[in-house]
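The next block holds one structure in the form of structure tokens; read it before the comments.
Residue numbers (my numbering): 12 to 100.
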């Protein structure tokens, strides 16, 4: 089950560090990006506990996702390039 979740995370964390259908949540983009990060980090910790290999590219994209959160937290307008899509907002 954890391997399946890791595969999903590998698909929902995009190359630029945004989270598919999360970072594009309009005025709540920062909140949904943050909750997506929490889910991803918990999943990776479970995978590590059970010795499941985590793709290097996933860890790199997760790092970018963290940077997006920090920049978005410091200045909310930074999220606008994703939030303007307003997915489910």
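Glycine included, each C-beta is placed from N, C-alpha and C at the ideal position.
No experiment lies behind these values; they were computed from the predicted model shown.
Item, Value
"Length of the line joining the Cα atoms of residue 90 and residue 41", "7 Å"
"Cβ pair residue 65, residue 58 closer than 8 Å", "yes"
"Chain-order list of residues whose beta-carbon lies under 6 Å from that of residue 15 (same chain, five-residue window excluded)", "none"
"Residue 24 - partner residues in DSSP beta bridges", "30"
"Spatial distance of residue 19 from residue 67 (CA atoms)", "15 Å"
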